[in-house]
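Numbering (this note's numbering), first residue to last: 3 to 188.
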């Protein structure tokens, strides 16, 4: 038996009126309104009712074909004959010579920074290199060496604050500098 809200929804749809509050609040009102405008919903056949006949049909066909030997449970052996094939060796090519560069000639002097080596201060532009009393950045600089100045490495290397340090001296000063700013004198 339809509820009063369902009937109200049908009457409103037939008269062209729309009660938005009822439509969003009462399910029966909405159903009556929608069915009057669009017609009653068609019932769909559940998927299960389609699956059952298809499954039964497949099982029946399998049972019928089983008796004819198509789906036999007994395996039939298959014999594969393999004949050996002689493999012919491929022709070999003569080896070829790869040209290499001549070995480097030994240089007359050291190739890395080390004690007793002459080095040149190499900073950016005209910046001077700070000289410190210890191999770390905590100590106050005791002086500066201008870019391009020649120094002699007298100690090191030392590690401190993530840098490699060398102790250098020239006529004016002796102290520790960061290795990144020294270049071997050639």
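Just so you know, even glycine gets a beta-carbon here, dropped at the ideal spot from N, CA and C. Please read these numbers as outputs of a predicted model, since none were measured by experiment.
Q) Between which two residues does the alpha helix (DSSP H) harbouring residue 114 extend? A) Element bounds for residue 114: n/a, residue is neither H nor E.
Q) So residue 123 and residue 151 are in contact, right, with Cβ under 8 Å, and what is the actual spacing, rounded? A) 5 Å
First through last residue of the alpha helix (DSSP H) which encompasses residue 6: 6–17
Among 146, 99, 116 and 10, the one whose alpha carbon lies nearest that of residue 30: 10
Compute the distance between the beta-carbons of residue 162 and residue 133, then report whether it is under 9 Å.
no
Determine the contact status of residue 164 and residue 178, defining contact as a CB-CB distance below 9 Å. no
Discussion item. By the three-class DSSP mapping on this structure, what secondary structure does residue 81 have?
Written reply: coil
Taking residue 39 as the reference, which of 13, 145 and 27 has the closest Cα? 13
- request: Consult DSSP for residue 33 and reduce its assignment to one of helix, strand or coil.
  value: helix
If you compare alpha carbons, which of 183, 145 and 159 is closest to residue 173? 145
Assigned secondary structure, residue 22 (DSSP; H/G/I helix, E/B strand, else coil) | helix
Next on the checklist: Beta-carbon within less than 7 Å of residue 129's beta-carbon, same chain only, minus the 5 sequence neighbours each way: which residues are those?
Outcome noted: 149
Might you give, ordered along the chain, the residues of its own chain that have their beta carbon closer than 8 Å to the beta carbon of residue 16, omitting 5 neighbours on each side?
38
Cα-Cα separation, residue 143 to residue 100:
56 Å
For this session: Can you tell me which of 52, 159, 176 and 42 puts its alpha carbon nearest to the alpha carbon of residue 135?
Result: 176
Exercise. Among 92, 61 and 187, which residue has its Cα nearest to the Cα of residue 116?
Worked result: 187
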